[in-house]
Amino acid sequence: MERLGRVARSKASLPAVRVVGFTVPRQQQSTSAQQHARVQQAIARNGRGVAAGAAAAPSGPAAATAADGSIEAGPTFDLACPICQTTHLKLQQVNGSPSGDLRCPRCARRFAANPTFADLTLTSGVEASAYKQRLWGGTTTFQSPLVSFVYERGWRQGFAWAGFPGADKEFDLAMDYLQPAYGEVLVDMSCGSGLFTRRFLKSNRFQGVIAADFSESMLGQARQFIDEDRSIDQSRCLLLRADVGRLPFATGSVAAIHAGAAIHCWPNPQAALAEISRVLRPGGVFVASTFMNFTAPLGQLVGNDDLVAPLSQLEPSPRMYKWWSEPELRDLCAQVGLVDWRRSRSNRFIMFAVSKPGEE
Ligand SMILES: C[S@@+](CC[C@H](N)C(=O)[O-])C[C@H]1O[C@@H](n2cnc3c(N)ncnc32)[C@H](O)[C@@H]1O
C-alpha cells in the first residue's frame, strides 16, 4: 500500500524527478508586492487556474531552476482523482508551485492548478457548468476574501471566548496526538489561512504537509503567509483545493489528518468522517478541534455529559455551524470505524484524536 510522500525528497535525488504535464514556475526571489499580486490574481481566477497540461504551461523540462541552478523540489505528494479516487496523481512543489500530471484517463478529466494551489474539487478544470452545487453556509462564509483576510488578524483569536487556548497551545496539543505520523506526510484539512500548516512545517517533524481547504481565498491567504515566512521550506508544502466530503486521496494512503476548528463548519460531518476513515492508513491518526455546546462546561463539572444533555435544547442551533457534545463526536468517529478515542477539553473547546485500526 502506497503512503503519501513516500517518494524521494532530497535535492540529491533530483535527477530522478520526472514532472509530467505542467509546471507553474514562480520566481524564487520575487518581492512581497509581486507575491501579493500573484495571490490576488490566483484568487481572482476563482480557482480555475491553469489546467494541467494546458497551453499556458510550458512543455519540455518542467522543473524551473533557482538562481544557483538547483531545482527546489520537495517530496512527491501522492493524490488521487476526486471522482474515481483510484487514479494516482503525483504532484511536487517545484520552485514554490505545484507541478505534476493532473489527468485522469479513467474519468476523462484534466484537473487544474495555478501558482498558488492544485485544485482537486469536482468542478476543477471545468470551464463552465449549468449545474451549480448549493453550498452550506459553513463553507461559503470562508470563501469571502474579506473573511479570509481578517481570519488570522482577529477572527481566530476571538475563539478564546469558548476556551480555545490559542494557536501555539493548540499546536502543542495536536503535535502530541500526531506523534505516530512523525516523518510522514500530514494533511492539514480545512487549513484556512494556514496558521497550523506553518507551525507543522516549521516543526520539521513531517516529511511534508498538504494544506487543503475548499476556499480559494483562504488558500490564497495561506500562500501569502507562507511566502512571507522565509524560514519555511516551501518545497515541503502543497496547497490543495479539496472538499472534505470527497477527498482526493487513495484509500489507506494518508498517515495523519489534522482539522483545526473546522468540523463544525462542514456540510456533512458524517460523510466527511467516512472519507477520513477511508483514506487513513492502518494506524493513521485523525486529530480535530471544535466547539462544544453550552452544556459542556457543566457536563465536565459534574462528570457526566449525558446528565446535562437535555439542557442543550435551550441553546438555539446556529444557522451555519454545529456545536457538539462529546458523546456525539465519539459516536461519529466510532460509526466510521475510528477507534481509541482521546481528548482534551476545557470550557467549550475540545481537541480529540482517533485512529484507524491497524492491520490484523
Ligand atoms: C473556522 S476555519 C478553520 C481554519 C483553521 N484550520 C483553524 O484552525 O483556524 C474552517 C475552514 O473550513 C473550511 N471548509 C468549510 N467547508 C469545507 C469543505 N466542504 N471542505 C473543505 N474545507 C471546508 C473553510 O473554508 C474554512 O477555511
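Per our numbering, numbering through the sequence shown is continuous, rising by one, with the last residue being 379. Backbone N, C-alpha and C fix where the C-beta goes; we use that ideal spot for every residue, glycine too.
Three-state secondary structure (DSSP) of residue i
i: Phe-161; result: helix
i: Leu-266; result: coil
i: Pro-117; result: strand
i: Ile-369; result: strand
i: Leu-259; result: strand
i: Trp-174; result: helix
i: Ala-291; result: helix
i: Arg-242; result: helix
i: Phe-190; result: helix
i: Asp-252; result: coil
i: Trp-285; result: coil
i: Glu-378; result: coil
i: Trp-360; result: strand
i: Pro-335; result: coil
i: Gly-185; result: coil
i: Ala-179; result: helix
i: Ala-73; result: Bear in mind that a pLDDT of 27 at Ala-73, under 50, signals an unreliable position, so the model cannot answer this.
i: Ser-49; result: No answer about Ser-49 holds up, because its pLDDT of 38 lies below 50 and its placement is not dependable.
i: Tyr-196; result: helix
i: Glu-203; result: coil
i: Leu-330; result: helix
i: Glu-21; result: Caution applies to Glu-21, whose pLDDT of 35 falls short of 50 and renders its modelled position unreliable; the model cannot decide the point.
Neighbourhood of residue i by C-beta, 6 Å cutoff - its chain only, sequence neighbours within 5 removed
i: Pro-316; result: Asn-366
i: Gln-354; result: none
i: Ser-29; result: Low per-residue confidence applies at Ser-29: pLDDT is 33, beneath 50, and the placement is therefore not dependable, though the value from the model is reported in the following sentence. Closer than 6 Å at Cβ, skipping near neighbours: no residue.
i: Ala-280; result: Ser-308
i: Phe-361; result: Contrary to the premise, residue 361 reads as Arg rather than Phe in this sequence. The answer, listed in chain order, is Ala-372.
i: Ile-295; result: Ile-276 and Phe-305
i: Tyr-201; result: Arg-224
i: Glu-203; result: Gln-226 and Ala-274
i: Gly-318; result: Asp-324 and Val-327
Distance CB(residue i)-CB(residue j) smaller than 8 Å
i: Met-370; j: Ala-193; result: yes
i: Phe-215; j: Phe-190; result: yes
i: Ala-131; j: Gly-119; result: no
i: His-107; j: Ala-328; result: no
i: Ala-261; j: Leu-139; result: yes
i: Gly-115; j: Gln-253; result: yes
i: Asp-359; j: Ser-374; result: yes
i: Leu-258; j: Phe-178; result: no
i: Gly-227; j: Gly-322; result: no
i: Gly-264; j: Ala-230; result: no
i: Gly-302; j: Pro-199; result: yes
i: Glu-171; j: Ser-212; result: yes
i: Leu-351; j: Pro-288; result: yes
i: Ile-245; j: Arg-224; result: no
i: Phe-310; j: Ala-181; result: yes
i: Leu-141; j: Arg-129; result: no
i: Phe-183; j: Phe-368; result: yes
i: Pro-267; j: Pro-101; result: yes
i: Gln-111; j: Cys-256; result: no
Residues that residue i bridges to, as DSSP identifies them
i: Gly-273; result: Here residue 273 is Val; the residue named in the question, Gly, does not match the sequence. According to DSSP, which records beta bridges pairwise, Val-273 is partnered with Leu-299.
i: Lys-402; result: With the chain covering only 20 through 379, there is no way to say anything about residue 402.
i: Met-208; result: Ala-231
i: Asp-138; result: Ala-131 and Arg-260
i: Val-306; result: His-277 and Ala-372
i: Arg-122; result: Arg-129
i: Met-1; result: Nothing can be reported for residue 1: it is not among the residues displayed for the chain, which extend from 20 to 379.
Span of the alpha helix (DSSP H) around residue i
i: Ser-222; result: 214-222
i: Lys-341; result: Where Lys-341 is concerned, there is no enclosing alpha helix (DSSP H), given that its DSSP letter is neither H nor E.
i: Gln-319; result: 315-321
i: Asp-325; result: 324-327
Limits of the beta strand (DSSP E) - the one that residue i falls within
i: Ala-230; result: 227-232
i: Cys-352; result: Taken as a continuous stretch (DSSP letters only), Cys-352 belongs to no beta strand (DSSP E), being part of the alpha helix (DSSP H) at 345-354.
i: Val-145; result: Run containing Val-145: none; DSSP gives neither H nor E here.
Cβ shell of residue i (< 8 Å), same chain only, five flanking positions each side left out
i: Val-306; result: Ala-193, Tyr-196, Leu-197, Ala-275, Ile-276, His-277, Ala-278, Met-370, Phe-371 and Ala-372
i: Thr-160; result: Val-166, Cys-284 and Met-339
i: Pro-286; result: Leu-154, Trp-155, Gly-157, Thr-158 and Gly-264
i: Thr-105; result: Ala-99, Arg-125 and Ala-269
Contacting residues, own chain, Cβ-Cβ under 7 Å from residue i (five flanking each side not counted)
i: Ser-363; result: Leu-192 and Met-370
i: Lys-221; result: Ser-250 and Ile-251
i: Ser-236; result: Ile-62, Gln-162, Ser-163, Pro-164 and Ser-167
i: Gly-377; result: Pro-301 and Gly-302
i: Ser-148; result: Thr-142
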